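J.: One point on numbering: in my numbering, the residue at position 179 of the sequence shown is 179, and numbering is uninterrupted. We put the beta carbon where it would ideally sit given N, CA and C, even for glycine. In this text the structure is predicted, and so the values were computed from the model without any measurement.
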Amino acid sequence: MTFDQLSAKVRHGGRLDPPEALELYLHAPTPLLGELADEVRARKHPHGVVTYIIDRNVNYTNVCVARCNFCAFYRPVGSAEGYVLGFEEIFRKIDETIALGGGQLLLQGGHNPDLPIDWYEDLFRAVKQKYPRFKLHALSPPEVIHLSRTSRLSVPQVLERLIAAGLDSVPGGGAEILVDRVRKLLNCYTKASADEWLDVMRHAHRAGLRTTATMMYGTVETLEERLQHLFRLRALQDEMYGFTAFITWSYQPEHTELGGSEATGIDYLRTLAIARLVLDNFDNLQASWVTQGGKVGQLSLAFGANDMGSVMIEENVVRAAGASYCMDEVEIVRNIEDAGFVPKRRNMHYEILGDPIFREREVPRMLQLSTAREAGDHSVPGELRLYPARSRSAKIERSRDGRTG
Ligand code: SF4
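#1: May I ask you to report which of helix, strand or coil DSSP gives Ala21?
#2: To the nearest angstrom, how far is it from the Cα of Ala80 to the Cα of Pro29?
#3: Which term fits Val182, buried or exposed, when burial requires 16 or more other beta carbons within 10 angstroms of its beta carbon?
#4: Among Lys295, Pro19, Glu224, Lys130, which has the Cα closest to the Cα of Met1?
#5: Assign Tyr387 to one of three DSSP states: helix, strand, or coil.
#6: Whole-angstrom Cβ separation of Glu314 and Val144, contact assumed at under 8 Å?
#7: On the criterion of 16 or more Cβ atoms from any shown chain inside 10 Å, does Gly109 qualify as buried, or is it exposed?
#8: Strictly under 8 Å for the Cβ-Cβ distance: is Glu89 near chain B by that measure?
#9: Using DSSP's beta-bridge definition, name the partner residues of Gln252.
#10: Taking the alpha-carbon positions, what's the Ala66 to Pro253 distance?
#11: Among the candidates Met216, Ala273, Met240, Ala339, whose CA atom is the shortest distance from the CA of Ser250?
#12: With burial defined as no fewer than 16 other Cβ atoms inside 10 Å of the residue's Cβ, what is the status of Glu310: buried or exposed?
#13: Look up Lys344 in the DSSP assignment and say whether it is helix, strand or coil.
#14: Less than 8 Å between the C-beta atoms of Thr219 and Gly172, yes or no?
#15: Taking C-beta to C-beta, are Ala37 and Leu277 nearer than 8 Å?
#16: For the 8 Å Cβ check, are there 3 or more pairs between the region 324-336 and the region 289-307?
#17: Below 8 Å on the Cβ atoms is my guess for Arg345 versus Tyr52; work out the distance and round it to an integer in Å.
#18: Determine the direct distance from the alpha carbon of Thr212 to that of Asn284, and round the result to whole angstroms.
#19: With H, G and I counted as helix, E and B as strand and the rest as coil, what does DSSP make of Val50?
#20: Leaving out the 5 sequence neighbours to the left and right, which residues in its chain are closer than 6 Å to Gly402 when beta-carbon positions are compared?
#21: For Tyr268, which three-state DSSP category applies?
#22: In angstroms, rounded to a whole number, what distance separates the CA positions of Gly101 and Met312?
#23: Going by CA-CA distance only, name the one from Leu32, Val77, Arg43, Asp55 that's closest to Ile357.
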């Protein structure tokens, strides 16, 4: 098919097949890709509204046994730089989030063998008891699989227990590229194969949870493999209709074992645009300004994105790999309005909550990202001693007196 024929197909709401998507992704001029993606975005969101959410990205532990080679965030078991946040620290972060108008934590962390499923259940219950209306968007599929392995429970059983404790929705992290050849090269095949990642999402959707889907590109995959990833997500969305949104970002190479260089801004915009065209059954695509910066983030709104993601209060993972962009609500709203759209606050279900909160009441400006912990804070939360450790180093640590904090 020619570009004209492919464009006509998209404009008439036709569904791209893999060879058609590949032709566009490989050869279509970037302005044409953007134009088509923008038309699809406008068809799905005809009122010119661009949404965002106020929530906080909290990484409860950086200790991880998975050791993905693209990750600069994790620390091995026993590392002096490893941490687990205490319940009180997490409550403080929730208090700060609420003060900024937020109502949700995005809670993800490493695969820490010394945190049993009871720790997660107790944390979720404690949060819900203290903040009954606060939402927990928590534990990506590989973390659920990790819990299933350490607790010897099936994935549906783990989800059932977490939901009973207060889990509200599941973030789409850990998808990287859903092609096992790539996953093996990135050393993330054992944490979750492509089928296993999709299967956790299928079970979560069956259990009534909504989830998001992600793609981290720019490591060792081919452009065809990026498209395979998108087509696998589209197939699961056809089956379950459980994904609320798709988010893609580029690999951040600094301080990683894999190394290499970062994908360009044009690559990002083309990838976002082709995702909008392939994922015709996804309502929402987020702009990834956290990895691309505010300016490319704003341009994303002309390449298929209809959402600016989260007001960033705290970030640890991408920052560890060299990217550190900060936008509070005032900045996000300025970027949306300058691009010609109407900004609206939303929740995880993409229900509109209202206009910018800073126009309704005074909220503190956030001009710098918080971190999980202050540098040099190696305190061990007291409640950890209530849970059995598996690793030798954690057993020693938890039996020691006087190191709690
Ligand atoms: S990406 Fe996640 S699972 Fe992989 S090493 Fe980093 S923290 Fe662990």
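T.: Straight from the coordinates:
#1: Within the sequence shown, numbered from 1, the residue matching residue 21 stands at position 21. Ala21 carries a helical assignment under DSSP once its states are collapsed to helix, strand and coil.
#2: Position 80 of the sequence shown, counting from 1, holds the residue named residue 80. Position 29 of the sequence shown, counting from 1, holds the residue named residue 29. Between Ala80 and Pro29, the C-alpha separation is close to 50 Å.
#3: Taking the first residue of the sequence shown as position 1, residue 182 is located at position 182. With 16 or more other CB atoms across the displayed protein chains lying within 10 angstroms of its CB, Val182 is buried.
#4: The count along the sequence shown starts at 1 and reaches residue 1 at position 1. Checked all of Lys295, Pro19, Glu224, Lys130; the closest Cα to Met1 is Pro19.
#5: Walking along the sequence shown from the start, residue 387 turns up at place 387. When DSSP states are grouped into helix, strand and coil, Tyr387 belongs to the coil group.
#6: The count along the sequence shown starts at 1 and reaches residue 314 at position 314. The count along the sequence shown starts at 1 and reaches residue 144 at position 144. A Cβ-Cβ separation of about 22 Å leaves Glu314 out of contact with Val144 under the 8 Å criterion.
#7: Mapped onto the sequence shown, residue 109 falls at position 109. Gly109 should be labelled buried.
#8: Among the protein chains of the structure shown there is no chain B, as only one such chain exists.
#9: For the purposes of this step, residue 252 is identified with residue 252 of the sequence shown, where counting begins at 1. Paired residue(s): none; Gln252 is not in a bridge.
#10: By 1-based counting over the sequence shown, the position of residue 66 is 66. By 1-based counting over the sequence shown, the position of residue 253 is 253. Computed Cα separation, rounded: 18 Å.
#11: The residue given as residue 250 occupies position 250 in the sequence shown. The residue among Met216, Ala273, Met240, Ala339 with its C-alpha nearest the C-alpha of Ser250 is Met216.
#12: Position 310 of the sequence shown, counted from the first residue, corresponds to residue 310. The residue you asked about is not Glu; residue 310 is Ser in the sequence shown. So Ser310 ends up on the buried side.
#13: For the purposes of this step, residue 344 is identified with residue 344 of the sequence shown, where counting begins at 1. DSSP, reduced to helix, strand and coil, places Lys344 within a strand of the structure shown.
#14: Translated into positions along the sequence shown, residue 219 becomes position 219. Translated into positions along the sequence shown, residue 172 becomes position 172. No. Outside cutoff.
#15: As a first step, residue 37 must be located in the sequence shown, where it is residue number 37. As a first step, residue 277 must be located in the sequence shown, where it is residue number 277. A contact, by the Cβ cut-off of 8 Å.
#16: In short, these stretches touch, since the Cβ pair count reaches three.
#17: Sequence index remark: in the sequence shown, residue 345 carries index 345 (1-based). Sequence index remark: in the sequence shown, residue 52 carries index 52 (1-based). Contact between Arg345 and Tyr52 holds: CB atoms are separated by about 7 Å, below the 8 Å threshold.
#18: Counting from one through the sequence shown, the residue named residue 284 turns up at place 284. Counting from one through the sequence shown, the residue named residue 212 turns up at place 212. Going from the Cα of Asn284 to the Cα of Thr212 covers about 10 Å.
#19: Residue numbering aside, residue 50 sits at position 50 when the sequence shown is read from its first letter. Residue state, collapsed to three classes: strand.
#20: Position 402 of the sequence shown holds residue 402. Reliability fails at Gly402, whose pLDDT of 45 lies under 50, so the model's placement of it is uncertain and the value that follows must be treated cautiously. Contacts found: none.
#21: Counting from one through the sequence shown, the residue named residue 268 turns up at place 268. Of the three classes helix, strand and coil, the one that applies to Tyr268 here is helix, per DSSP.
#22: The count along the sequence shown starts at 1 and reaches residue 101 at position 101. The count along the sequence shown starts at 1 and reaches residue 312 at position 312. Each residue's alpha carbon lies about 12 Å from the other.
#23: Counted from its first residue, the sequence shown places residue 357 at position 357. When only C-alpha atoms are compared, the closest one is Asp55.
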